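Each residue of the sequence shown is one higher than the one before, starting from 10 at the first, in the numbering used here.
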Amino acid sequence: MLTSEQTKQYHDEGYVLLTSVFDDTDLAGWRREADRLEAIVAPPEPDKPRLQVEPEPDGGKTKLRMIEPLIDLSPVYRELSKDPRVLECVESIYEEPAFLFEDKINYKPARVGSGFPLHQDYSYWQEFSEKLLSVFIHIDDAPLETGCMKLIPGTHRMGLLPVKEDGHCIRTDAVDWDQIRTFESQAGDVLIFHCLTAHESDPNYSDTDRRAFVLSYNPQSDGNQYRYDDERLASYH
Numbered sequence: 010m011l012t013s014e015q016t017k018q019y020h021d022e023g024y025v026l027l028t029s030v031f032d033d034t035d036l037a038g039w040r041r042e043a044d045r046l047e048a049i050v051a052p053p054e055p056d057k058p059r060l061q062v063e064p065e066p067d068g069g070k071t072k073l074r075m076i077e078p079l080i081d082l083s084p085v086y087r088e089l090s091k092d093p094r095v096l097e098c099v100e101s102i103y104e105e106p107a108f109l110f111e112d113k114i115n116y117k118p119a120r121v122g123s124g125f126p127l128h129q130d131y132s133y134w135q136e137f138s139e140k141l142l143s144v145f146i147h148i149d150d151a152p153l154e155t156g157c158m159k160l161i162p163g164t165h166r167m168g169l170l171p172v173k174e175d176g177h178c179i180r181t182d183a184v185d186w187d188q189i190r191t192f193e194s195q196a197g198d199v200l201i202f203h204c205l206t207a208h209e210s211d212p213n214y215s216d217t218d219r220r221a222f223v224l225s226y227n228p229q230s231d232g233n234q235y236r237y238d239d240e241r242l243a244s245y246h
């Protein structure tokens, strides 16, 4: 559960960082599961359902970028999506129960993990609740060279910002870049941010992966908006 100060920070700035939420035992299990999932979807190919691959190979090998959706493949991560240490924080923000909206694991592999330019998640989700938020759970340490998360506080109160021709990445003249904050986080830290909070990450230039499990939620009062119903999930196999 968040403190009143943490809840206020989320509403004022569009994010809150929670440190050391999960311990080494949790992390060891999630790393094993991330490795297992990577193995069962191998070889990663761009035309495989639910996978994204890195645009640049590593030593001639295609590297996995992301699996989405995930929890129907993984009892371990399904339990994490319902973990009180996650849900109680989300429900502190909403002041009501929450529904899971989206789930994925980002692998951000060593040396070739690509960056993601500044964007707002809501630019992809405009048909859904404006109260959506994401819980970014660090499975590995995320120093600067791994392409850690960066965001601009307060942008959640600015609506959808002007974007480039791709329709999602924010124009460079639309924000005050002096306000950007960098989150060099430790494994077990959790970053919660609003769907309108502008954020980005650089490429992973390091020799270590920077994996993260990302859960997105909406308040119960907005209904169950989970993006992957049984019929759609079946198409991902």
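Ideal Cβ positions, reconstructed from N, Cα and C, are used throughout, including at glycine.
Since this is a predicted model, take the numbers as computed values, not measurements.
Query                                                                                                                      : Result
For T34, the first and last residue of its enclosing alpha helix (DSSP H)                                                  : D33 to I49
Endpoints, the alpha helix (DSSP H) within which Q15 is located                                                            : S13 to E22
L27 versus G176: straight-line alpha-carbon distance, rounded                                                              : 31 Å
Residues near V172 by beta carbon distance below 7 Å, same chain, minus five either side                                   : S132, C178, I179 and R180
Residues near F125 by beta carbon distance below 7 Å, same chain, minus five either side                                   : E209 and S210
Beta carbon of V223 nearer than 9 Å to that of I114                                                                        : yes
From T71, T34, L36 and A37, residue whose alpha carbon lies closest to that of V50                                         : T71
Residues sharing a beta bridge with K72, DSSP                                                                              : In the DSSP output, where bridge partners are listed per residue, K72 has none listed.
Supposed contact pair N213 and P118 - C-beta distance, whole angstroms, cut 8 Å                                            : 7 Å
Reduced DSSP secondary structure (H/G/I, E/B, other) of S101                                                               : helix
C-alpha distance - G130 paired with F110, whole-angstrom precision                                                         : Looking at the sequence shown, residue 130 is not Gly but Asp. Whole-angstrom Cα-Cα distance: 12 Å.
Beta-bridge partners of Q61, as assigned by DSSP                                                                           : M75
Which listed residue (G122, E100, S83 and K17) has its alpha carbon closest to that of G38                                 : S83
6 Å CB neighbourhood of V25 in its chain, flanking five on each side removed                                               : Q15, Q18, Y19 and I201
In DSSP terms, what L224 is bridged to                                                                                     : D112 and V144
Closer than 9 Å to chain D by CB, D35                                                                                      : Absence of chain D from the displayed structure is noted, only one protein chain being present.
Residue range of the beta strand (DSSP E) that includes E209                                                               : H208 to S210
Beta-carbon contacts of D218 that lie in its chain and below 7 Å, excluding the five residues immediately before and after : Y116, K117, P118, A119 and D149
Span of the beta strand (DSSP E) around V199                                                                               : V199 to H203
A151, DSSP secondary structure in three states                                                                             : strand
Proximity below 9 Å, CB of L142 to CB of Y226                                                                              : yes
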